[in-house]
Amino acid sequence: MDLISSESSADSGDDQYLGYSMAVIKIRQRRDRQPEEFVLVGTPRGNNLTGEVVLLHGRYLKEVRKFLGEQIGSYFGHALAVGDFNGDGLEDFVIGAPLFSNKKLATHESGRAYVIYQNENQNFRQWHILDGSGHFGRFGAAVSSVGDLDLDGYDELCVGEPYADDGRGRVYLFRGSASGLIETPSQILHGSDYGARSFGFSIRGGEKDFDGNGYPDVLIGAPDSDSVVAIRSKQVVHLETRVQFDLGFGGRQIKQAAVGESGSEEDPSEMQCYLNTGDQVTCMDFVACQKYTGIGLSDRLRKFSPLL
Ligand SMILES: [Ca+2]
Ligand SMILES: [Ca+2]
Ligand SMILES: [Ca+2]
């Protein structure tokens, strides 16, 4: 096996911690070309301590671009993740900066994650920022594209905040969409629910389906409690509901209507039914149908909620 490495940097590059994190990303340099593999390398003490992420061509290991941090000491480049969060077929990436202090929120080391979307022609102009929730939580210490957990065509992102909740830790799940990651997390996992500490210090997911239910699962490291938590994805059920109203004219006049609509163009004055109170009312039967679809589902769902 040939040893290939990048050139050594100048002495000024010492102690910048190049190689603190790494990821491989496919980039399409021109519209008429196939994507090529590039390497992202985190350097959290680079660029005079703001941190930087270097993009190298995968074949030649030559630097082609740098992404620079915005705050000294934020550890921009501590963690890296690659995924296609807006489902356009081009890989995007995320940079964690867990020691970022948010002046607007007056929080110290609350952390920040930068989501960077790839466009055609190696263009990364669209950035998206996700912030941690409080002091010393260190949101962005781990970032991981956990694949398309709900199989809707957009990759999901997990971000660890390992020192939130007095050191118990949290992990945020952000869902992808056509316009990129949805800023409000769809789920927050709490280390306290698993008896864990520093939960979210490391995250790995999107590659394996441990329980064979057709959906990828996630591993979350919690080294302060000497534990790893395996999170199994639940199956996603798409439910379609339809209601048909029978207006009580011998089944001859069946109208379809959405829930909550009267759907009636018939004469409601024909009151041929009685309530328990003795009041006479218009007869109205209805038929409710529910259909479910999804990957890996059985013919019968154990917990299938009835419509009414
Ligand atoms: Ca994309
Ligand atoms: Ca998805
Ligand atoms: Ca699974």
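According to our numbering, the sequence shown is numbered sequentially starting from 285. Backbone N, C-alpha and C define an ideal beta-carbon position, used for all residues, glycine too.
| query | result |
| --- | --- |
| Of the listed residues I466, R409, S486 and V323, nearest to A363 (C-alpha basis) | S486 |
| Nearest-angstrom Cα separation, counted from V337 out to R317 | 25 Å |
| Under 5 Å, CB to nearest heavy atom of ligand 1: contacting residues | D368, N370, D372, L374 and D376 |
| For ligand 3, residues whose Cβ lies under 6 Å from any non-hydrogen atom | D493, F494, D495, N497, Y499, D501, R516 and S517 |
| Where the beta strand (DSSP E) through A425 begins and ends | Counting along the chain, A425 falls outside any beta strand (DSSP E), and DSSP gives it neither H nor E. |
| Residue nearest to L433 in terms of C-alpha spacing, selected from E491, Q410, G424 and R481 | E491 |
| Alpha carbon of E445 to alpha carbon of C573, nearest angstrom | 43 Å |
| Test: S429 CB closer than 8 Å to a CB of chain D | Any reference to chain D falls outside this structure, which holds one protein chain only. |
| Spatial neighbours of K350 in its chain, beta-carbon cut-off 6 Å, leaving aside the 5 residues before and after | E336 and V338 |
| At least three beta-carbon pairs within less than 8 Å, the segment 345 to 361 to the segment 374 to 382 | yes |
| Residues sharing a beta bridge with N407, DSSP | N403 |
| Proximity test, Y438 beta-carbon vs ligand 2 heavy atom, cut-off 7 Å | yes |
| Closer than 7 Å: G578 CB and nearest ligand 2 heavy atom | no |
| Ligand 2 heavy atom lying under 7 Å from the CB of D449 | no |
| Check: S389 C-beta below 7 Å from any heavy atom of ligand 2 | Sequence check: residue 389 is Leu here, not Ser. Incorrect: L389 has no Cβ contact closer than 7 Å to ligand 2. |
| Assigned secondary structure, R372 (DSSP; H/G/I helix, E/B strand, else coil) | According to the sequence as given, residue 372 is Asp; it is not Arg. D372: coil per DSSP, three-state reduction. |
| Residue of P469, L465 and G496 minimising C-alpha distance to A366 | Checking the displayed sequence, the identity of residue 366 turns out to be Val instead of Ala. Per the Cα distances, L465. |
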